[in-house]
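Report on the following structure.
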Amino acid sequence: MDILFSNISKEYQVKKRQDNPFLNFFNREYESKQALKNVSFQIKKGEIIGYIGPNGAGKSTTIKIMTGILKPSSGKCCILGVDPMENRIKFVKKVGVVFGNRSNLLWDLPVIDSIHMMQKLYDIPQETFSTNFKELTEMMDIKNLLHMPVRLLSLGQRMRCEIIVSLLHNPEILFLDEPTLGLDARSKIAVHQFIKKINEKRSITVILTTHDMNDIEALTNRVIIIGKGSKLFDGQFKAIKDKYKKIKKIQLEINQVEQITSITNQIKQQFSPDYVTVIANEIVIEIRDETHEFEEFIKYISKIKAIGNYQIQSLNIEEIIARYYSELDI
Amino acid sequence: MYRGVFIYRIKQLWQYKISLTSSLPLYLIRGFLTISILLAFNTLSLQNNQGKELVNYIWIQTCFAPFVSAWIIDSDLNNIIKTGNIAYEYLKPIDLYWAWFIRLVSQRLLTGIISSIPLLLLINFLPVPYALKLQLSQEKLILFIVAISLALILNTVLSLLVYISVFHTFSITGSLLIFGSIMEFLGGLVIPFSLFPENMKKVLNLLPFKYGAAYPFQLLNENELSMASLIGVISQLIWIIIIIVIGKIWLESNIKHIVVQGG
Chain V
1 MDILFSNISK EYQVKKRQDN PFLNFFNREY ESKQALKNVS FQIKKGEIIG
51 YIGPNGAGKS TTIKIMTGIL KPSSGKCCIL GVDPMENRIK FVKKVGVVFG
101 NRSNLLWDLP VIDSIHMMQK LYDIPQETFS TNFKELTEMM DIKNLLHMPV
151 RLLSLGQRMR CEIIVSLLHN PEILFLDEPT LGLDARSKIA VHQFIKKINE
201 KRSITVILTT HDMNDIEALT NRVIIIGKGS KLFDGQFKAI KDKYKKIKKI
251 QLEINQVEQI TSITNQIKQQ FSPDYVTVIA NEIVIEIRDE THEFEEFIKY
301 ISKIKAIGNY QIQSLNIEEI IARYYSELDI
Chain D
331 MYRGVFIYRI KQLWQYKISL TSSLPLYLIR GFLTISILLA FNTLSLQNNQ
381 GKELVNYIWI QTCFAPFVSA WIIDSDLNNI IKTGNIAYEY LKPIDLYWAW
431 FIRLVSQRLL TGIISSIPLL LLINFLPVPY ALKLQLSQEK LILFIVAISL
481 ALILNTVLSL LVYISVFHTF SITGSLLIFG SIMEFLGGLV IPFSLFPENM
531 KKVLNLLPFK YGAAYPFQLL NENELSMASL IGVISQLIWI IIIIVIGKIW
581 LESNIKHIVV QGG
């Protein structure tokens with residue numbers, strides 16, 4: 001078991017704010033804000049885990065506890081057999097971390113300097129270093145970036161370098177905190193492919209937090225959903241998708257705009273759609289594909305002449321997760 | 331390991347070499363001004379040795395200012411603590427205290443070597459009241475090099491305390507305004523040490539600040555080395571150890587309570 005998280009809670013002390021700035025200054029009262037409540041999970045070696053949840057759910061807090069930056073208020077965290085707060089120097093040599101919103105590279109210097117500095121800091125033997133370096137730079141395709149100062153790199157280029165820097169010392173676990181934040185579609189795919197390859201090649205455990213569901217879809221089977229500090233789901237990502245598979249979204253384009261309200265009303269009366277909205281000359285309807293209702297609905301819309309065009313879709317991945325979040329009430 | 335920190339910090343600072351070298355005239359002018367002011371105040375006593383000693387003191391102080399001044403700020407380090415990038419620092423397999431120590435020492439060293447120490451070559455040839463006139467012996471020079479190196483270390487560990495205080499104050503400026511002023515004044519950088527009243531000197535001898543600044547400068551002015559000069563070096567060592575212990579304990583306790591905020 002690579003990661004063992006049992007009953008972890010974390011409370012932050014937040015200073016109580018008052019409207020009066022003068023009183024605020026002398027105020028010494030604190031209230032505690034619970035960021036994590038009794039979160040437990042286990043992760044096996046070589047797994048890729050998607051750790052998702054809405055903003056402020058406690059994802060980064062979990063990553064910080066797992067990397068030993070934060071001390072949990074209660075509970076036991078055991079990574080690779082050790083408590084990350086103890087024996088930090090030995091621990092950090094075994095993990096690699098990328099925070100999407102922070103930088104680990106030397107801003108003024110070429111990328112290659114950051115890479116060499118990491119070699120020195122981690123005491124990586126020359127042989128391991130050169131094979132790793134060669135392999136990683138080829139996989140990520142950053143050879144032509146190596147001699148550019150970090151400040152000249154674009155966000156996507158920089159992120160690729162950040163990931164490489166975090167992998168030079170052959171870590172056993174890689175923590176990625178929103179690695180695709182602000183990347184374009186192509187860079188995202190490059191990052192996905194890279195993570196997948198490195199996971200297969202080195203059987204490295206990857207913990208990934210993200211808001212981009214495409215990351216999850218491309219990379220992971222197992223997801224852990226956290227909301228308001230508690231673990232709400234832990235299992236196959238497919239299970240969530242299957243749950244919403246039956247919902248079909250139908251977009252109707254109406255030719256005669258004046259009829260739009262009557263058609264909407266008719267649909268509402270005859271069928272029981274989950275959801276109806278009208279935008280300009282379009283009606284968007286959601287219907288469950290369970291009973292005959294859906295078939296009848298299709299028949300119905302093919303009869304009406306006012307409908308010029310229609311499209312049937314399943315929910316896309318972002319919508320599924322948004323639904324699921326609201327269902328979980330987080 | 332720490333060599334890596336040193337080399338890449340120097341490389342980073344070297345990016346700003348023009349700004350570093352352009353400090354040369356600044357330090358020269360600063361030395362001139364300070365000397366002119368002191369000479370104006372001390373016209374009467376100019377005849378005796380004190381005037382000459384003061385001039386020497388000021389020049390040495392100016393040339394080694396980056397070693398002894400409290401105002402050498404590593405704003406990157408300040409930002410690391412403030413913005414939460416300390417998370418990354420913390421995930422490197424190095425002791426934070428020593429890594430930061432190396433960072434600060436390398437900055438002071440490089441700044442000194444490039445932007446002020448070269449002045450030593452020039453100020454020997456200035457017209458009389460302004461020139462640096464030292465009587466050097468081999469022992470004196472060796473002792474001075476030891477003392478100024480220890481002073482560099484002492485000042486660095488002292489300033490590390492200021493950086494560690496950023497965990498509480500969130501801004502280096504505030505901490506430095508208080509601490510830097512105390513350190514520079516009591517160390518004899520604002521007013522030369524020999525101009526303090528005798529009673530005050532006795533008190534200041536008990537504090538670490540003098541050993542980071544005035545003490546190595548005074549060494550060069552002394553006619554003959556005595557036991558007292560050697561005791562200074564020992565005091566430096568003792569203070570360095572005390573302050574390192576304080577700094578390490580303080581940093582350690584801060585790290586335990588650290589909260590890296592934001593996503």
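Residue numbers (my numbering), protein chains in the order written: chain V, 1 to 330; chain D, 331 to 593. All C-beta atoms in this analysis are idealised placements derived from N, C-alpha and C, irrespective of residue type, glycine included. Every value quoted in this text rests on a predicted model; they were computed, and no experiment measured them.
Beta strand (DSSP E) segment containing D/L471, residue limits: Counting along the chain, no beta strand (DSSP E) covers D/L471; the unbroken alpha helix (DSSP H) around it starts and ends at 468 to 499.
As assigned by DSSP and simplified to three states, the class of V/K228: Residue state, collapsed to three classes: coil.
Nearest to V/I65 (by Cα), restricted to the options V/A35, V/K249, V/G50: V/I65 has its Cα closest to that of V/A35, out of V/A35, V/K249, V/G50.
V/N27 to D/A461 span [Cα, whole Å]: Distance between the alpha carbons of V/N27 and D/A461: 58 Å.
V/R186: contacting residues in chain D (beta-carbon distance under 8 Å): None at all; the shortest Cβ gap to chain D is about 25 Å.
V/Q237 to D/F336 span [Cα, whole Å]: In the sequence on display, residue 237 of chain V carries Phe and not Gln. For V/F237 and D/F336, the distance between alpha carbons rounds to 47 Å.
Contact list for V/L36 against chain D, beta-carbon separation under 9 Å: Here the premise fails: no neighbours, minimum Cβ distance about 13 Å.
As assigned by DSSP and simplified to three states, the class of V/F271: It is coil, neither helix nor strand.
Limits of the unbroken alpha helix (DSSP H) element including D/A461: Unbroken run through D/A461: none, as it is neither H nor E.
CB contact below 7 Å: V/Y51 versus chain D: V/Y51 does not count as touching chain D.
7 Å Cβ cutoff, D/Q342 in contact with chain V: Closer than 7 Å to the CB of D/Q342 there is at least one CB belonging to chain V.
DSSP state of V/T277 mapped onto helix, strand, coil: Look at V/T277 here: in three-state DSSP terms it is strand.
Unbroken stretches of the alpha helix (DSSP H), 4 residues or longer, contained in the segment 40 to 96 of chain V: Those alpha helix (DSSP H) runs which fall completely within the segment 40 to 96 of chain V and span 4+ residues are 59 to 66, 88 to 92.
V/F5 - partner residues in DSSP beta bridges: Residue pairing from DSSP places V/F5 in a beta bridge opposite V/F41, V/C77.
Within 7 Å, strictly: CB atoms of D/L484 and D/Q566: Cβ distance < 7 Å, so D/L484 and D/Q566 count as in contact.
Start-to-end residues for the beta strand (DSSP E) that takes in V/L314: Rather than Leu, the amino acid found at residue 314 of chain V in this sequence is Ser. Start and end: 307 to 314.
When D/A544, D/G517, D/T503, D/G562 are compared against D/K594, the one with the closest alpha-carbon: No answer is possible for residue 594 of chain D: the residues shown for chain D start at 331 and end at 593.
Closer than 7 Å to chain D by CB, V/R102: Contact with chain D is found for V/R102, since one of that chain's Cβ atoms lies less than 7 Å from the residue's Cβ.
Contacts that D/Q437 makes with chain V (C-beta to C-beta distance below 7 Å): At a beta-carbon threshold of 7 Å, none of the residues of chain V lie near D/Q437; the nearest stands roughly 13 Å away.
Residues of the segment 335 to 364 of chain D with Cβ closer than 7 Å to any Cβ of chain V, in chain order: If the cut-off is 7 Å between Cβ atoms, the segment 335 to 364 of chain D has Y338, K341, Q342, Q345 near chain V.
Inter-residue spacing [alpha-carbon to alpha-carbon] between V/V92 and V/S326: Counting only the Cα atoms, V/S326 lies some 37 Å from V/V92.
Distance between V/T62 and V/G229 (C-alpha atoms, nearest Å): For the pair V/G229 and V/T62, the Cα-to-Cα distance works out to about 9 Å.
Per-residue burial, D/N551 [other beta carbons within 10 Å of its own, 16 or more giving buried]: By the 10 Å Cβ count, D/N551 comes out buried.
Bounding residues of the beta strand (DSSP E) (the contiguous stretch that carries V/T209): Start and end: 205 to 209.
Distance between D/N553 and D/P546 (C-alpha atoms, nearest Å): Going from the Cα of D/P546 to the Cα of D/N553 covers about 14 Å.
Length of the line joining the Cα atoms of V/K201 and V/M1: Answer to the nearest angstrom: the Cα atoms are 19 Å apart.
Contact check, D/L325 vs D/L560, beta carbons under 7 Å: Coverage of chain D is limited to positions 331 through 593, which leaves residue 325 of chain D absent and any answer about it impossible.
Three-state secondary structure assigned by DSSP to V/L174: Reduced to three states, the DSSP call for V/L174 is strand.
Rounded C-alpha distance that separates V/K59 from V/G53: Those two C-alpha atoms are separated by around 7 Å.
Members of the segment 419 to 447 of chain D near chain V, C-beta cut-off 8 Å: Listed by position, the residues of the segment 419 to 447 of chain D near chain V (Cβ gap below 8 Å) are Y420, L421, K422, P423, I424, D425.
Selected residue, minimal CA-CA separation from V/E47, among V/E295, V/I173, V/K143, V/L181: Closest by C-alpha distance to V/E47, out of V/E295, V/I173, V/K143, V/L181, is V/I173.
Environment of D/Q437 [buried if 16+ CB atoms lie within 10 Å]: Looking at its Cβ environment, which holds 16 or more other Cβ atoms inside 10 Å, D/Q437 is buried.
Where V/L109 meets chain D, residues with beta-carbon distance less than 9 Å: What V/L109 touches in chain D: Y338, K341, Q342, Q345.
For D/L451, the three-state DSSP class (helix, strand or coil): The answer is helix: DSSP assigns D/L451 an H, G or I state.
Beta-bridge partners of V/Q157, as assigned by DSSP: DSSP links V/Q157 through a beta bridge to no other residue.
Cutoff 7 Å: V/K93 Cβ touching any chain D Cβ: With 7 Å as the cut-off, V/K93 counts as an interface residue toward chain D.
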